[in-house]
Structures are given as C-alpha cells and as structure tokens.
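The structure under discussion appears below in the form of structure tokens.
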Amino acid sequence: MIATAQKVQQLLAQASSSELIIEPDDEGVEINLVNSRLRFHHSFISGPLPLRATQPGQAINRACSNKQRSITRLLDLTAGWGADSLMLASHGKRVTMLEQNELVYAILAYSLDRLAASANGAAIAQRMSIENCNALNFLNHLGDDHDYDCIYLDPMFPGHKSGAKPAKEMQILQAITTNLEMESCFEQALDKARKRVVIKRPAKAASFNDVKPDLVYREKTIRFDVYLTA
Ligand SMILES: C[S@@+](CC[C@H](N)C(=O)[O-])C[C@H]1O[C@@H](n2cnc3c(N)ncnc32)[C@H](O)[C@@H]1O
Numbered sequence: 486m487i488a489t490a491q492k493v494q495q496l497l498a499q500a501s502s503s504e505l506i507i508e509p510d511d512e513g514v515e516i517n518l519v520n521s522r523l524r525f526h527h528s529f530i531s532g533p534l535p536l537r538a539t540q541p542g543q544a545i546n547r548a549c550s551n552k553q554r555s556i557t558r559l560l561d562l563t564a565g566w567g568a569d570s571l572m573l574a575s576h577g578k579r580v581t582m583l584e585q586n587e588l589v590y591a592i593l594a595y596s597l598d599r600l601a602a603s604a605n606g607a608a609i610a611q612r613m614s615i616e617n618c619n620a621l622n623f624l625n626h627l628g629d630d631h632d633y634d635c636i637y638l639d640p641m642f643p644g645h646k647s648g649a650k651p652a653k654e655m656q657i658l659q660a661i662t663t664n665l666e667m668e669s670c671f672e673q674a675l676d677k678a679r680k681r682v683v684i685k686r687p688a689k690a691a692s693f694n695d696v697k698p699d700l701v702y703r704e705k706t707i708r709f710d711v712y713l714t715a
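The sequence shown begins at 486 in the working numbering and counts up by one.
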C-alpha cells in the first residue's frame with residue numbers, strides 16, 4: 486500500500502509541465518490544460534462527480550443490474566475519471582477500475598484516497614479499487630474462477646465534425662489519453678464476463694464491432710448496450 490501511495494505522489498509531482506498543471510489538494514486534484522484553457526477539479530467528494538453519482542434512475546445503473554439482483558461485482562475496463570464507477574459504487578456495486586494512462590490512474594488513486602478518508606465517502610471508497618494496467622493484459626490473465634458479474638467499457642467516442650463539444654473534463658481526457666485495443670478488450674469481455682458486458686455508446690452510433698446487443702438502455706445523447714453472457 487505504501488509503495489502504491491508513494492508511486493501516486495511521485496507521478497503527480499512529476500506530471501506538471503508548462504502546458505499541463507497538476508495540483509493535488511485536500512479533496513482531489515486540480516488539472517489545468519493551459520494552452521487549451523481547460524480546467525477541471527477532479528474529486529469524488531465535491532463537484533459534479535459525487536452530485537451525479539447520487540442521482541437515481543440513471544440508465545447505467547439499470548444496464549448494470551438484473552431483476553435477480555445478482556450483479557454485485559463489476560470490472561470497469563476504462564476507468565477515465567471514474568465517474569461511471571463512482572455512480573455504480575454509490576448504488577452498492579463493488580467495482581474494480583482499470584486505467585492504462587499513468588497520470589489518469591494517479592489522479593484517480595489520489596481522489597479515491599481522499600474519498601476513503603472522508604466521513605461520508607468511506608463506505609463507497611471501500612467498494613472501489615483501481616489498477617494501472619492495459620485492460621487487455623488484465624483480461625488475458627483473468628482465470629475462470631474470477632467473480633466479475635459484469636464487465637463495463639466506455640471507449641473514447643470519436644470526435645463529431647458538427648456536433649457540440651463534449652464536457653471539458655472529457656476534452657481534457659481526450660487530450661491526454663487514448664483508446665488502446667478496445668476491439669480486442671470487447672471480444673475478451675464477451676468471452677469472460679460471468680453475466681453481462683455493458684458498453685457505453687453515442688446515442689446514434691452503430692453497435693460496437695457490429696455485434697448486436699441483447700438489451701439497450703437510452704439517455705438523451707448516449708446509450709448503454711448490454712450483452713448477456715449467461
Ligand atoms: C472515455 S474514457 C472513460 C470515462 C469513464 N467511463 C468515466 O466515467 O470517467 C476512456 C478511458 O479508458 C482508458 N483506456 C483506453 N484503453 C484502455 C485499455 N486498453 N486499458 C485500460 N484503460 C484504457 C483511457 O485512457 C481513458 O482514460
């Protein structure tokens with residue numbers, strides 16, 4: 486644990502440059518992409534992420550649940566800012582987040598640590614964990630005895646020529662990270678998930694890899710395609 490905390494501190498301390506300023510504080514991490522004038526305070530305690538996580542009836546919660554209430558353990562292959570994982574953990578799921586980008590991982594790990602130390606968030610933080618790895622590697626080494634009921638993916642959406650810009654936190658993520666081997670991750674997820682795979686898609690996009698989903702849960706601009714594996 487100490488080694489991980491040290492690694493996180495080190496990554497955050499080394500990340501700042503004239504273009505990207507990273508400032509950890511008591512509640513999370515301030516991220517400032519200077520030339521693009523994009524700022525975002527990443528926190529699981531205050532701001533938009535915990536606010537959204539407490540809202541009921543989100544399509545993602547329905548997509549990652551079943552009537553039997555037997556989906557309790559989730560693997561999020563594309564953690565990003567952890568907004569989706571926080572939402573799922575706030576609604577009782579245990580979630581392991583995977584993130585390939587070292588800086589994004591360090592920001593998430595730091596904010597998760599702050600959540601664990603907070604009075605109201607400790608129970609939620611206990612249901613969340615994070616690993617810095619390529620999800621495809623993780624899946625390739627996952628044995629048959631794993632307990633992930635649901636495997637979740639949220640690949641970065643391709644930019645739209647005419648459409649509105651995504652939220653600034655997503656613009657920052659797009660500037661500093663990329664999709665890695667998502668098609669293979671999706672195929673492996675279908676092979677390994679105990680009960681279902683859920684993938685977030687733009688509302689009007691084609692099915693991922695042209696594989697037709699079993700169920701679809703829609704919101705205004707996005708949808709969640711569900712593939713039943715049991
Ligand atoms: C669109 S973002 C996910 C946003 C996230 N769902 C949220 O709620 O904030 C996609 C993230 O997946 C990560 N990623 C892409 N390919 C990956 C891979 N093969 N393994 C692990 N992480 C990956 C990217 O670095 C990026 O941070």
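Note that CB positions come from ideal geometry on N, CA and C, so glycine has one too.
None of these values were measured; they are calculated from a predicted model.
Sequence-distant residues of its chain with Cβ nearer than 6 angstroms to residue i (five each side left out)
i           : result
residue 614 : 581
residue 493 : 591, 594 and 595
Through-space distance from residue j to residue i, alpha-carbon basis
i           : j           : result
residue 653 : residue 500 : 19 angstroms
residue 552 : residue 579 : 18 angstroms
residue 525 : residue 705 : 24 angstroms
residue 517 : residue 523 : 6 angstroms
residue 602 : residue 634 : 28 angstroms
residue 656 : residue 520 : 13 angstroms
residue 515 : residue 557 : 32 angstroms
residue 698 : residue 712 : 5 angstroms
residue 594 : residue 622 : 20 angstroms
residue 643 : residue 533 : 23 angstroms
residue 502 : residue 598 : 24 angstroms
residue 486 : residue 715 : Residue placement at residue 486 is poorly supported in this model, since its pLDDT is 48, which falls under 50; the coordinates still yield a value, given next. Rounded to whole angstroms, residue 486 to residue 715 spans 36 angstroms at the Cα level.
residue 638 : residue 682 : 8 angstroms
residue 677 : residue 530 : 33 angstroms
Beta-bridge pairing of residue i - partner residues as DSSP gives them
i           : result
residue 581 : 560 and 614
residue 635 : 559 and 681
residue 508 : 515
residue 701 : 710
Close-in-space but distant-in-sequence residues of the same chain around residue i (CB under 7 angstroms, 5 per side omitted)
i           : result
residue 640 : 563, 664 and 667
residue 588 : 496, 500 and 661
residue 547 : 702
Bounding residues of the beta strand (DSSP E) (the contiguous stretch that carries residue i)
i           : result
residue 517 : 513–518
residue 525 : 523–528
residue 554 : That residue, residue 554, is in no beta strand (DSSP E); it is neither H nor E in DSSP.
Cβ-heavy atom distance, residue i to ligand 1, below 7 angstroms
i           : result
residue 694 : no
residue 667 : yes
residue 613 : no
residue 664 : yes
residue 551 : no
residue 546 : no
residue 639 : yes
residue 569 : yes
residue 563 : yes
residue 585 : yes
residue 589 : yes
residue 635 : no
residue 574 : no
residue 605 : no
Run of the alpha helix (DSSP H) containing residue i, from where it starts to where it stops
i           : result
residue 710 : Premise fails: residue 710 lies in the beta strand (DSSP E), 707–713, not in any alpha helix (DSSP H).
residue 535 : 533–538
residue 653 : 653–661
residue 589 : 587–602
Residues near residue i by beta carbon distance below 8 angstroms, same chain, minus five either side
i           : result
residue 577 : 557 and 612
residue 504 : 518, 519 and 520
residue 688 : 703, 704, 705, 706, 707 and 708
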